[in-house]
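A.B. asks:
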Amino acid sequence: MNFSKSILYYWGFVMILLLVQCKQNQKKDIKKPIPKVVFSVKEKAVTDIDGNVYSSVTINGNEWMTSNLRVTRLNDGTPLDYTPGNENWSTYINKMYYCWANNDSTMKTPYGAYYTRNVVDTKKLCPVGWHVASTDEWRENVYYYTRDKLKDKEYVKNLKASTDWPYHYLGTNKYKLDVYPASYRDEKGVVVDFKESALFWTIDENEFDYTAAVFTNGNTFGIRILDGHWGLSVRCVKNKN
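Have a look at this one:
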């Protein structure tokens, strides 16, 4: 009788040890929660040479304008050539062309303007102390950061504006970048697929072509090589140091 009790006590003790060890292992398996990141907007962060005021948001250490650029002069006062018609758009060589998104001045807020590439190449389009966003700033510091670092499965959707995109592809503007579907103007001056996509010049270029950050209505993002004749939107990032 005593032997039987000893066996029961022994196995009871073993079971308790196993349960304690199991709970400890479960605690080890619990992944640390992803830190909550707050993307706070700074109102009236910067003013361009025309007097347009822009808010900003800091993402992964970079301060971005939260709306598309809508300036009509370089930051040294040089005026840009306003070209709303299609007939002259392709003859942009040595010309600094711009027009309003969809050729509609009432849409300059929040859609901004389209600029030809040679305007961007002056490096004087953004307000002093700011620059046109680079490929790495779009790709590494926004795209990969939100997708990989924040483990966000809907990262593109959360970068897009919560209005104006097609119904099934509306964004949430979770990260306050407010990407609107301004689309673009092609080499013939034709506005293509307005409210279907968003294209932004980047300051990077290769030997032959120019690059742009592209958002589509299918909630995709990529870096594309484009013709410099095209008119695209611009987002500015604050210089560091």
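Under the working numbering, read the sequence shown as residues 5 to 245, first letter to last.
Idealized CB from N, CA, C, for every residue including glycine.
On a predicted model such as this, the values are computed, not experimentally measured, just so you know.
Once DSSP output is grouped into helix, strand and coil, what is the label at Asn64?
C.D. replies: Sequence index remark: in the sequence shown, residue 64 carries index 60 (1-based). Coil, per DSSP.
A.B. asks: I think Asp182 touches Pro83, with their Cβ atoms under 8 Å apart; what is that distance to the nearest whole Å?
C.D. replies: Within the sequence shown, numbered from 1, the residue matching residue 182 stands at position 178. Within the sequence shown, numbered from 1, the residue matching residue 83 stands at position 79. Wrong, their Cβ atoms sit about 28 Å apart, outside the cutoff.
A.B. asks: Could you tell me whether the Cβ atoms of Ser94 and Glu191 are closer together than 7 Å?
C.D. replies: Here the question's residue 94 lines up with position 90 in the sequence shown. Here the question's residue 191 lines up with position 187 in the sequence shown. Yes; because the gap between Cβ atoms is below 7 Å, this pair is in contact.
A.B. asks: What does the alpha-carbon distance come out to for the pair Ser187 and Lys180?
C.D. replies: Locating residue 187 in the sequence shown gives position 183, where the first residue counts as 1. Locating residue 180 in the sequence shown gives position 176, where the first residue counts as 1. About 19 Å.
A.B. asks: Could you compute how far the alpha carbon of Asp54 sits from the alpha carbon of Lys128?
C.D. replies: Looking up residue 54 in the sequence shown gives position 50. Looking up residue 128 in the sequence shown gives position 124. Cα to Cα, Asp54 sits roughly 13 Å from Lys128.
A.B. asks: Determine the direct distance from the alpha carbon of Gly89 to that of Cys240, and round the result to whole angstroms.
C.D. replies: As a first step, residue 240 is located in the sequence shown; it is residue number 236 there, counting from the start. As a first step, residue 89 is located in the sequence shown; it is residue number 85 there, counting from the start. Each residue's alpha carbon lies about 26 Å from the other.
A.B. asks: Does the beta-carbon of Pro170 have 16 or more other beta-carbons within 10 angstroms, so that it is buried, or is it exposed?
C.D. replies: Start at 1 with the first residue of the sequence shown, and residue 170 comes out as number 166. By the 10 Å Cβ count, Pro170 comes out exposed.
A.B. asks: With DSSP as the reference, label Ala105 as helix, strand or coil.
C.D. replies: The residue labelled residue 105 in the question sits at position 101 within the sequence shown. The answer is helix: DSSP assigns Ala105 an H, G or I state.
A.B. asks: Please work out which residues of its chain come closer than 7 Å, Cβ to Cβ, to Trp234, disregarding the five sequence neighbours upstream and downstream, and give them in chain order.
C.D. replies: Taking the first residue of the sequence shown as position 1, residue 234 is located at position 230. So the list reads Tyr188, Arg189, Asp190 and Glu191, once near-sequence residues are dropped.
A.B. asks: Just to confirm, is the Cβ distance from Val45 to Thr51 under 7 Å?
C.D. replies: As a first step, residue 45 is located in the sequence shown; it is residue number 41 there, counting from the start. As a first step, residue 51 is located in the sequence shown; it is residue number 47 there, counting from the start. It is not a contact, given that the beta carbons lie outside the stated cut-off.
A.B. asks: Mind reading off the beta-carbon distance from Asn162 to Asp156? Whole number of angstroms is fine, and I expect it under 8 Å.
C.D. replies: Residue 162 sits at position 158 when you count from the first residue of the sequence shown. Residue 156 sits at position 152 when you count from the first residue of the sequence shown. Yes, Asn162 and Asp156 are in contact; Cβ-Cβ is about 6 Å, under 8 Å.
A.B. asks: Take Thr87 as the anchor and find which of Leu78, Met100, Val132 and Asp80 has the nearest alpha-carbon.
C.D. replies: For the purposes of this step, residue 87 is taken as the residue at position 83 of the sequence shown. Here the closest residue by C-alpha is Met100.
A.B. asks: Assuming Trp142 is part of the alpha helix (DSSP H), what are its boundary residues?
C.D. replies: Within the sequence shown, the letter at position 138 stands for residue 142. Element bounds for Trp142: Thr139 to Trp142.
A.B. asks: Which residues does DSSP pair with Asp85 in a beta bridge?
C.D. replies: Taking the first residue of the sequence shown as position 1, residue 85 is located at position 81. Tyr101, per the DSSP bridge assignment.
A.B. asks: Do Ile227 and Arg121 have their C-beta atoms within less than 7 Å of each other?
C.D. replies: As a first step, residue 227 is located in the sequence shown; it is residue number 223 there, counting from the start. As a first step, residue 121 is located in the sequence shown; it is residue number 117 there, counting from the start. Not a contact, by the Cβ cut-off of 7 Å.
A.B. asks: To the nearest angstrom, report how far apart Leu230 and Val194 are at their CA atoms.
C.D. replies: Residue 230 sits at position 226 when you count from the first residue of the sequence shown. Residue 194 sits at position 190 when you count from the first residue of the sequence shown. Their backbone Cα atoms lie some 15 Å apart in a straight line.
A.B. asks: Measuring only the C-alpha atoms, how far is Pro185 from Asn245?
C.D. replies: Residue numbering aside, residue 185 sits at position 181 when the sequence shown is read from its first letter. Residue numbering aside, residue 245 sits at position 241 when the sequence shown is read from its first letter. Each residue's Cα considered, the two are about 32 Å apart.
A.B. asks: Going by the CB atoms, is the gap between Asn66 and Pro131 shorter than 7 Å?
C.D. replies: On the sequence shown, position 127 is the one that residue 131 refers to. On the sequence shown, position 62 is the one that residue 66 refers to. Cβ atoms of Pro131 and Asn66: not closer than 7 Å.
A.B. asks: Could you check how far apart the C-beta atoms of Thr224 and Thr215 are, in whole angstroms? I think they sit under 8 Å.
C.D. replies: Counting from 1 along the sequence shown, the entry for residue 224 is found at position 220. Counting from 1 along the sequence shown, the entry for residue 215 is found at position 211. Wrong, their Cβ atoms sit about 16 Å apart, outside the cutoff.
A.B. asks: Label Asn153 either buried or exposed according to how many other C-beta atoms from any shown protein chain fall within 10 Å of its C-beta, with 16 as the threshold for buried.
C.D. replies: Reading the sequence shown from its first residue, position 149 is the one you call residue 153. This sequence places Lys at residue 153; Asn is not what is there. It is exposed - the Cβ of Lys153 has fewer than 16 other Cβ atoms within 10 Å.
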